[in-house]
Amino acid sequence: MADQFDVTLEDPELLLEVELTTNLIVAASESDDHLSQEEIDRILGIIP
């Protein structure tokens, strides 16, 4: 009998948010100063 609670949960949007947040955390931890808005936009892939 299959376990009804054995399901794979995947949320592509959540995974993308986690990746972007992780990228920001890594960049901030490697920076000696605050990240500028331009740097944040670049990390997030925002094109002005």
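Numbering (UniProt numbering), first residue to last: 1 to 48.
Glycine residues also receive a C-beta, built at the ideal position from the N, C-alpha and C atoms.
Just so we're clear, the structure is a prediction, and the values are computed from it rather than from any experiment.
For residue 35, which residues from the same chain have a beta carbon less than 7 Å from its beta carbon, with the 5 sequence-adjacent residues on both sides left out?
The residues are 27, 28.
Nearest candidate by alpha-carbon position, reference residue 43, set 4, 20, 10, 32
Of all alpha-carbon atoms in 4, 20, 10, 32, the one lying nearest the alpha-carbon of residue 43 is that of 20.
Between the alpha carbons of residue 38 and residue 25, how many angstroms are there, rounded?
In a straight line, the C-alpha of residue 38 is about 16 Å away from that of residue 25.
Going by alpha carbons, who is nearest to residue 41 out of 3, 4, 23, 5?
Of the listed residues, the one whose Cα sits closest to residue 41 is 23.
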